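See below for the structure under consideration.
Residue numbers (my numbering): 1 to 132.
Below, the structure written as structure tokens:
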């Protein structure tokens with residue numbers, strides 16, 4: 001999986017080491033088998049609007065995003081064996097429990113998804129490539 005650093009559109013870092021799960025297998029595997037997430041680590045799942053924490057061993061913060069990176073909902077410290085989702089969500093960011101609040105992520109905030117080049121997410125997808 002690709003690793004990116006996610007920031008708000010104001011350039012504030014929200015996840016230094018974020019794995020991108022954009023294949024069916026990577027989304028299905030998710031964080032299964034991990035013993036935890038350190039602050040600054042995360043998993044970005046796309047496309048999806050819901051998650052489950054079945055078989056997980058630790059709680060996580062789950063940030064539901066629109067296609068253009070707007071935070072629609074935050075499920076804080078979602079415990080193992082739970083499900084969560086958000087209407088209109090197309091991208092989900094999973095963080096260490098407490099990281100969403102520590103990093104100032106709020107409903108209505110906007111994350112810069114342009115680091116996901118080649119996708120239909122984020123501002124980069126809305127602009128044609130510059131000509132040489």
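For every residue, glycine included, the Cβ atom is placed at its ideal position computed from N, Cα and C.
As the structure is a prediction and not an experimental result, all values here were calculated from the model.
What are the boundary residues of the beta strand (DSSP E) that includes residue i?
| i | result |
| --- | --- |
| residue 73 | 71–78 |
Could you name the residues of the same chain whose beta carbon sits closer than 6 Å to that of residue i, not counting the 5 residues immediately before and after it, in chain order?
| i | result |
| --- | --- |
| residue 19 | 1, 3 and 43 |
| residue 7 | 13 and 112 |
| residue 82 | 53 |
Please return the same chain residues whose Cβ sits closer than 7 Å to the Cβ of residue i, not counting the five positions on each side in sequence.
| i | result |
| --- | --- |
| residue 100 | 61, 63, 74 and 76 |
Round the Cβ separation of residue i and residue j to the nearest angstrom and send it over; I've been treating them as touching at under 8 Å.
| i | j | result |
| --- | --- | --- |
| residue 56 | residue 31 | 6 Å |
| residue 108 | residue 71 | 6 Å |
| residue 15 | residue 36 | Rounded, the Cβ-Cβ distance is 15 Å, inconsistent with contact. |
What residues are listed by DSSP as bridge partners for residue i?
| i | result |
| --- | --- |
| residue 50 | 85 |
| residue 61 | 95 |
| residue 45 | 21 and 92 |
| residue 116 | According to DSSP, residue 116 bridges with nothing at all. |
Do you know whose CA, among the options, lies nearest residue i's CA?
| i | options | result |
| --- | --- | --- |
| residue 24 | 45, 9, 38 and 10 | 45 |
| residue 134 | 22, 28, 114 and 93 | Since the first and last residues shown for the chain are 1 and 132, residue 134 lies out of range. |
For the alpha helix (DSSP H) containing residue i, list its first residue and its last residue.
| i | result |
| --- | --- |
| residue 29 | 24–29 |
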